[in-house]
Amino acid sequence: MYNQLTQEIMEQIKAVSEAVFSGEDINPDYEKDEMPIYGTHMPDLAVQPRSTQEVAAIMKICYDNNIPVTPRGAGTGLAGGAVPLYGGVLLDLTKMNKIKSYDMENFVVEIEAGVLLNDLAEDCQTRGMLYPPDPGEKFACVGGNVATNAGGMRAVKYGATRDYVRAMTVVLPTGEITKLGATVSKTSSGYSLLNLMIGSEGTLGIITELTLKIIPAPKAAASLIIPFEDLHTALATVPQFKMAHMEPQAIEFMEREIVLASERYIGKSVFPQELEGIQIGAYLLVTLDGNSEDEVDALVEQAAELAVEAGAIDVLVADTPSK
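Numbered per my numbering, the sequence shown spans residues 721 to 1043.
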């Protein structure tokens, strides 16, 4: 199916990249992602490119010689997409981690695919801006978020990663470099290849650069922990927040068993297990945001009244909002 990586091909790759690893020099983490039950396998060669042109040159060599290539970011995925099951070459894009520029007139930021989500979020915050997608793993690479169309708790209000990708640079399997999308918010000419690439998990090409939509950051936020006697009542409350035009920034639910397992893992109790003599069966985690503390306080009061009427045992305000 694929050819073996020969010493000659390795030398060709070393001629275009300074960071090439083989044998015992290969990071053992490269054989897996965060869900190794789906399979593990070491690559024959690992490369840490520093530019789109370098990725393109490596891909052309591998394409011409029928060598399998697996792109990888921080390795935090749970789907096995970063595992080099066929060996060959693993491309570690974490060194392509520059936040290149902001265009505050068009509300976009241009980055390399290896930028960590946490770094982008903090950098945006210094400018009073927000990159809304908020997947659970804050130290994933944004390129990996795009490749998997990651969601996160804020998707309920702001949408998933797909909704914030304006443009990208992609290296195709042949080594050809192509640019998809546009900086502007509306572009409807031709096929929507940008959306084809988002969520493709590296199977159609390697995302190397991204232009992402950002928005002005809300000035205030508050997080609520809302306990219920059972899961059904908790879930039935969720659409009521939307119907009340509250637009929570984030809504998540947790069942009792999950909370207990999590607390055993971290070694401390965080959520109440019983209130007013009632055993808690499920929790809603709700984050509300707005343009002022007064606005958020009013939303919290409205949310509390709605939740209690819907069957919540109590409404607890978290000490710090979810970030």
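Idealized CB from N, CA, C, for every residue including glycine.
Secondary structure at Met816, three-state DSSP: helix, strand or coil? Of the three classes helix, strand and coil, the one that applies to Met816 here is coil, per DSSP.
Could you compute how far the alpha carbon of Lys1043 sits from the alpha carbon of Val891? For Lys1043, the pLDDT reaches just 45, beneath the cut-off of 50, and the residue's location in the model is therefore unreliable, leaving the point undetermined.
Report all residues from its chain with a CB closer than 7 Å to the CB of Pro1041; omit the five preceding and five following residues, and keep chain order. Interpretation of Pro1041 is limited by its pLDDT of 49, a score under 50 that renders its predicted location unreliable; no figure is taken from the coordinates.
Specify, as a first and last residue, the run of the alpha helix (DSSP H) that Leu1004 falls within. Element bounds for Leu1004: not the alpha helix (DSSP H) but the beta strand (DSSP E), 1002 to 1010.
Residues of its chain near Ile934, where Cβ-Cβ distance is below 6 Å and the 5 sequence neighbours each way are ignored: Around Ile934: Phe827, Val829, Cys844, Met849, Tyr851.
Alpha-carbon spacing of Glu949 relative to Asp1034, whole angstroms: Cα-Cα distance, rounded: 10 Å.
To test your reading of the DSSP string, which unbroken alpha helix (DSSP H) runs of 4 or more residues are found completely within the stretch 865 to 914? Runs of the alpha helix (DSSP H) inside the stretch 865 to 914: 875 to 878.
Buried versus exposed, by CB contacts within 10 Å (16 or more), Phe961: Buried, since its Cβ has 16 or more Cβ neighbours within 10 Å.
Quick one: using the 10 Å Cβ neighbour count with 16 as the cut-off for buried, is Lys664 buried or exposed? What is shown of the chain runs 721 to 1043, which leaves residue 664 out entirely.
Lys906 to Val789, Cα distance in whole Å? Looking at the backbone, the Cα of Lys906 and that of Val789 are separated by about 34 Å.
Excluding the 5 residues flanking Val885 on each side, which residues of the same chain have their C-beta closer than 8 Å to its C-beta? If the five residues before and after Val885 are omitted, its C-beta is found closer than 8 Å to the C-beta atoms of Val866, Gly901, Leu914, Ile918, Leu930, Thr931, Leu932, Lys933, all from its own chain and listed in chain order.
Return helix, strand or coil for Ala1032, following the three-state DSSP convention. Looking at Ala1032 - three-state DSSP - the assignment turns out to be coil, as it is neither helix nor strand.
Pull up the CB-CB distance for Thr772 and Thr889, whole angstroms please, since I reckon it's below 8 Å. Contact between Thr772 and Thr889 holds: their C-beta atoms lie close to 6 Å from each other, under 8 Å.
So, helix, strand or coil for Asp823, using DSSP? Strand at Asp823.
Between Phe973 and the rest of its own chain, which residues show a CB-CB distance below 8 Å, the 5 nearest in sequence each way excluded? Residues Leu951, Ala954, Leu955, Val958, Ala1002, Tyr1003, Leu1004, Leu1005 of the same chain have their beta carbon placed closer than 8 Å to that of Phe973, with the five preceding and five following residues left out of the count.
Leu765, DSSP secondary structure in three states: DSSP places Leu765 in strand when its eight states are reduced to three.
Is it right to say Pro855 is buried, meaning 16 or more other beta carbons lie within 10 angstroms of its own, or is it exposed? With 16 or more other Cβ atoms within 10 Å, it is buried.
Since Met974 is in the beta strand (DSSP E), which residue starts that stretch and which ends it? From DSSP, the beta strand (DSSP E) with Met974 extends over 970 to 975.
Leu1026 and Ala970 closer than 9 Å at C-beta: Going by C-beta atoms, Leu1026 is not nearer than 9 Å to Ala970.
Could you give the C-beta distance for Tyr783 and Thr928, rounded to a whole number, given that I count them as a contact under 8 Å? With a Cβ gap of about 16 Å, Tyr783 and Thr928 do not count as contacting.
Using the Cβ count rule (16 or more neighbours within 10 Å means buried), how would you classify Gly910? It counts as exposed.
State buried or exposed for Asp812, treating a residue as buried only when at least 16 other CB atoms are found within 10 Å of its CB. Flag for Asp812 reads buried.
By the DSSP assignment, the beta strand (DSSP E) with Thr790 in it spans what residues? Note, Thr790: beta strand (DSSP E), 789 to 792.
May I ask you to report which of helix, strand or coil DSSP gives Thr989? Note that residue 989 is Ser in the sequence shown, not Thr. Residue state, collapsed to three classes: coil.
Quick one: is Gln724 buried, meaning 16 or more other Cβ sit within 10 Å of its Cβ, or exposed? Gln724 comes out exposed.
Helix, strand or coil for Phe961, going by three-state DSSP, please let me know. Helix, per DSSP.
Classify Gln999 as buried or exposed, calling it buried when 16 or more other Cβ atoms lie within 10 Å of its own Cβ. The residue in question, Gln999, is exposed, as its Cβ has fewer than 16 Cβ neighbours within 10 Å.
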